[in-house]
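Here my numbering is used: the first residue of the sequence shown is 222, the next is one more, and so on. From the three backbone atoms N, C-alpha and C, an ideal C-beta is built for every residue, glycine too. Before any comments, here is the structure.
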Amino acid sequence: MTLQQIIAAIAAFFVVIVIGNFLQRRDAKFQQGLRKRLGGPGGGSTPLLDDRVARLIPDASRRRYSAAGIDAPLAQALAFLGAMVVTLVGAGIGTWLAIIVGLEAIGVSAFALIGAVIGWAALENWLRWRIGERHAAMIAEFPVMLDLLQISLEGGLGLVSAWSVVTTHVQGASTALADEMRRVEIELQFGGGWRSALAAATERTGIRDFLLLGSLLEQSERFGTELSKSIRIHADGLRYEDLQTLEERAHRSSVKMLLPLGVMLLPATLLLLAGPLIFMLLDTLSGVSAD
């Protein structure tokens, strides 16, 4: 692979990333025009196109993209294509370096494999970071969302109306949580139940709190218990779990600090204690040898 080909591959990768970010912004006019071209004169939803695009991506990758906030099938396809391009670019750079060094075929293959692994690992780490950031943001705002839901219910709103109002207010604090709440609201409008809609949110995000909330809402509707009180108790329980998690992390941090402290302080301590003794011993031995 020549240098020009590597530059062209890198340029193609950046083009894919730009297009993916553009689609991820969900520009309404752009998506409407795109669906008119791909879906026929109706210009409505294109489930057939979405299904065809979804089949091109492995299920595990689609779930991870959804957890990272990449939900549109076209955006997922572009992200998957971008991952392959980055892997190929890494392999191309490794091959180019091996050729410059003057390695044989085995060395060129090894460098290409190493470059591909580095490119894949870089994207994998970025995806994990994005999933972790989104996950942490939703967990941090979940008890606040429950408090707002409780206040709305005590103010006389119905559960669906309160959910819609809270979704609007949560948008400013956590876009990820607001997006998931909006998807739950859409599933409810299409006839789904609270348990199934929130279970789907748990499957998309990996956050178990959605599933627990779905069970709570279903039990409250079934047995007629006071919903606002149940939500307040659930929010207090989540805060207590968060506090326990923070305390556990603090205890783990103190244990993890022992190894670096031991590695860094032990040589200095030994030098401080044994250094004078060694110098005194050397002086004594030099005096004995002189005598």
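- Note that the region 352-372 touches the region 411-430; at least 3 beta-carbon pairs, one per stretch, sit closer than 8 angstroms.
- Apart from the 5 residues on each side of it in sequence, G315 sits with its Cβ closer than 6 angstroms to the Cβ of F332, A333, I335, G336 in its chain, given in chain order.
- Remark: C-beta atoms of A358 and A300 do not approach each other more closely than 9 angstroms.
- M478 carries a coil assignment under DSSP once its states are collapsed to helix, strand and coil.
- The Cβ neighbour count for V391, taken over all protein chains shown within 10 Å, is at least 16; the residue is labelled buried.
- If you draw a straight line from the Cα of G435 to the Cα of V387, it comes to about 16 angstroms.
- Take R351, set aside five residues on each side of it, and the residues of its chain with a beta-carbon closer than 8 angstroms to its own are A289, G290, in chain order.
- With a contact defined as Cβ atoms closer than 8 angstroms, A342 and G328 miss out at about 21 angstroms.
- Taking 4 residues as the shortest admissible run, the region 384-465 contains the following complete alpha helix (DSSP H) segments, listed from N- to C-terminal end: 396-410, 415-426, 429-444.
- Selection L487, E469, R349 evaluated against R284 yields R349 as nearest (Cα-Cα).
- P488 carries a helical assignment under DSSP once its states are collapsed to helix, strand and coil.
- Sequence-distant Cβ neighbours of E401 in its own chain, meaning closer than 8 angstroms and more than five residues away, are M359, A422, R425, T426, F431.
- Residues W384, S385, T388 of the same chain have their beta carbon placed closer than 7 angstroms to that of E406, with the five preceding and five following residues left out of the count.
- A Cβ-Cβ contact shorter than 9 angstroms links W415 with L438.
- Separation of F411 and L464 (C-alpha to C-alpha, rounded to the nearest whole angstrom) is 37 angstroms.
- The alpha-carbon separation between E345 and M305 amounts to approximately 12 angstroms.
- DSSP places D292 outside any alpha helix (DSSP H), giving it a letter other than H or E.
- Secondary structure of G376 (DSSP, three-state): coil.
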